[in-house]
Amino acid sequence: MERKQKKVQKEEAEKHLRLQQDLKLLKTEHYLWQLYTIEKDIEKIEAELVEDRESLQQVQEENRSSDYELTAKKKEQSAFLKKITLSEKSITKKKLELDKKQPELLKLKEQISRLKSKIKSCKKEIDKKKDDHKKHLGELRRLQSDLVEVTEAIEELNEQGQDTSGKLLLADDQLQEYHRIKEDAGMKTAKLRDEKEVIEKKLNADAEAKKNLVENMQQLESRKDEISSQERELQTKLSKILHSIPKLENELTHLHEEHNKIAKERQSSGSEYQMLKQRLDEIETQLRELKADKHESERDARLKETVGRLKRLFPGVHGRMLELCRPSQKKYNLAVTVAMGKFMDAVVVEDENTGKECIKYLKEQRHPPQTFIPLQSVRVKPIIEKLRTLGGSAQLVFDVIHFDRVLEKAVLYAVGNTLVCDKLDEAKALSWSGERYKVVTVDGILLTKSGTMTGGTSGGMEARSNKWDDSTIESLKKKKNLLENKMSELGSPRELQRKELAISEKITGLEKKLHYSNVEQNNLRGKLAKLASERSNIETEINRLKPGEEELETRIGKREAEARKLEKKINDIVDKVYRDFSISVGVKNIREYEEKQLKDAQALQERKLSLSNQMSKLKYQLEYEQKRDMHAPIVKLTETHESLEKELKGLQERESGAKAEAEQILAQMEELKTEADGAHLKHLIYFLDDNSL
């Protein structure tokens, strides 16, 4: 029994030793395996280290190249900025030059307008003087013709006088008797004839005075009519000016209102324009930071287009998860991308039916398959609240995502209770010790409850994480387009400034025109006042002369009556003295003889006298008209007209020169603006390239 027991103990001891030996061998094998794996890991790590060093060297070389390129681009950028600044300064300088040219152009326009008016008046005056000269030549020909006719008539009367002089001869004794009786009658009527002569002299003096008075009054009446004509002409001009002044004032008021409106609009729109420009610059900066200049892939473009079409066709489609939510901070982009996985491109729909309709549509249109999350029927696990109080940097991925609360179930379905933390060690502690959780680091490393670890920084995953910026970029692009449209609607402040300047020029022109109209109005009123005063003086003078005319007429009537009375007395005495002689020669009385025999001679003499007076008058008038130089004023006016035309040509050349200079300045401004815009665009391109380096 004892031997048997010892045998068992021996076997157990041998078995123990054998097991110990096996254990030792197994441990040795295990350690060898560990050593082998460690050596393999070392080899792998060394190979990776070599690759990393090569990559590092390549990256460093790329960085150096990028640094050189960046330095060059910064120099080019500085040159472009300098060019932009110089262009803007040149534009400002050219604008000042243009502003200086505008008053000169306006002044030249006014001078040209006034000069054209003078030339027009001068031309009218020349035409009038030419007509007067033509009439004057006609008048000279008429006077010369009349003078010839009067001269011929006088010569004819002289011939008639010679033919009829014999008819007045009497017999010698009768003629002696006639002269004796005539002398006797003359002696007897001498006193009466003297009285009659005195009265006739006074009568002639009164008649001459009346004639002068009538001529004077006629001249006054003629001047009065001339004044009335001038008054009507001036009154017509004044009426036109008075009619135009309110129009000018209304137009000026309207322009002032428009100017004030544009000035306010320019100020307000200028402020708004600058504000919009500032916001646009901020958005462009954000777009550059988000690398908005990168082109989206063809697949993303097709997917976006497909989802957009689904949203238009089916009201229950909300959109892609990528478009409906976004990480609260940029640093969580990669973590949220890893946590969501394939659900990042999933389409959120209202219910299951909508999802089915969408799937049916995709199949019919042969579009790639798509994941759909129906809000009403999707099943999600509730949030574990204690995960929000773990401490450290750990947070629920769900809590670092911004989204509309309507979409809560879809977001929770996509990320669940996955945690996110900053460090890998912290993630390992949360995932592999104690209660195990699904954790993702901000670097994109995913640790599962089962102990697996996947991820790390890869180009594909980083590219997917950048998609979170797509919706932001789209939103920023929409805002950018909206701001650009608003800026376009507001118009460029320069354009408003040009409009304001143009209206200011119109206002200046109208103010000068209104000033000239008021000056002309005052001048016309002054002329009308002088004419009215002169007309009043003429009327006073006419009223003063009228009683003198009446008095002369009365006096002439009395003297004519006295002369006739004396004539009758003389005739009675002469008839008495010539009674016997008249009977002897067979006439009723001597006056009948004288009237009968001497009437023709007297008529002939009077006719000769009348024609002589007419001839003297014609000679005087012809001499006066011949002395009048009607050609000299035409020559003088023509010289004035030529001088004005020459002056006008000079002003027009100056105006053309000023306009050409203004247009040249405008062209230079446009050229400088184009250069500035081009430099700004190049600066922007280099700035974007700079950000992409």
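In UniProt numbering, the protein residues as written are 1 to 693. Beta carbons are placed, not taken as given, at the ideal position from N, Cα and C, and that holds for glycine.
Could you check where the alpha helix (DSSP H) with residue i kicks off and where it finishes?
i	result
V406	Note, V406: premise wrong, no alpha helix (DSSP H); not H, not E.
I359	352-364
Taking residue i as part of the beta strand (DSSP E), name the residues at either end of that continuous run.
i	result
V439	439-441
G434	Counting along the chain, G434 falls outside any beta strand (DSSP E), and DSSP gives it neither H nor E.
L419	419-421
I373	372-374
V349	347-349
Rounded to the nearest angstrom, how far is the Cβ of residue i from that of residue j, given a contact under 8 Å?
i	j	result
E645	I119	6 Å
V154	S616	For the sequence presented, residue 154 should be read as Ile rather than Val. Incorrect: roughly 11 Å between the Cβ atoms, too far for contact.
I538	R114	About 35 Å separates the two Cβ atoms, so there is no contact after all.
I91	M669	6 Å
L287	I473	6 Å
S117	S517	Wrong, their Cβ atoms sit about 14 Å apart, outside the cutoff.
R266	Q521	In fact, because the Cβ distance is near 36 Å, the residues do not count as touching under 8 Å.
L96	T508	Contact flag wrong, Cβ pair sits at about 18 Å.
A394	C358	37 Å between Cβ atoms; not a contact.
E221	I542	7 Å
N216	L545	7 Å
T640	C122	6 Å
Would residue i pass as a contact of residue j if the rule is Cβ separation under 7 Å?
i	j	result
L618	D173	no
L137	Q621	no
A658	E104	yes
A301	V440	no
V150	Q614	yes
residue 705	V347	The structure shown has nothing for residue 705, since the chain only spans 1 to 693.
F403	V415	no
A563	I126	no
I283	L510	no
L524	K237	yes
L651	Q219	no
residue 694	V380	Residue 694 cannot be examined here, being either before or after the span of the chain that is shown, 1 to 693.
T452	K438	no
L140	E625	yes
E647	A263	no
L108	E655	yes
T306	H367	yes
V400	P327	yes
R559	K202	yes
V378	Y413	yes
K449	R436	yes
L604	L192	no
Taking only beta-carbon positions, decide if residue i is within less than 7 Å of chain C.
i	result
S433	Absent from the structure: chain C. Only one protein chain is present.
Counting pairs of beta carbons, one from the region 382-391 and one from the region 315-334, are three or more of them closer than 8 Å?
no
Should the region 660-671 be regarded as contacting the region 181-189, the criterion being three or more beta carbon pairs within less than 8 Å?
no
Pairing CB atoms from the region 430-450 with CB atoms from the region 241-255, are three or more of them under 8 Å?
no
Counting beta carbon pairs with one atom in the region 348-355 and one in the region 367-374, are three or more of them shorter than 8 Å?
yes
Which runs of the alpha helix (DSSP H) at least 4 residues long sit entirely within the region 271-337? Give them in chain order.
298-313, 321-324
Under 8 Å, with one C-beta from each stretch per pair, do the region 119-136 and the region 530-543 reach the 3-pair mark?
no
Do the region 561-569 and the region 271-287 make contact, defined as three or more Cβ pairs closer than 8 Å?
no
Using 8 Å as the Cβ pair cut-off and three pairs as the minimum, do the region 357-367 and the region 320-339 touch?
no
Whether or not the region 256-266 and the region 501-516 are in contact is what I'm after, with contact meaning three or more pairs of Cβ atoms, one per stretch, closer than 8 Å; do they touch?
yes
Please confirm if the region 543-562 is in contact with the region 206-213, defined as three or more CB-CB distances below 8 Å between the two stretches.
yes
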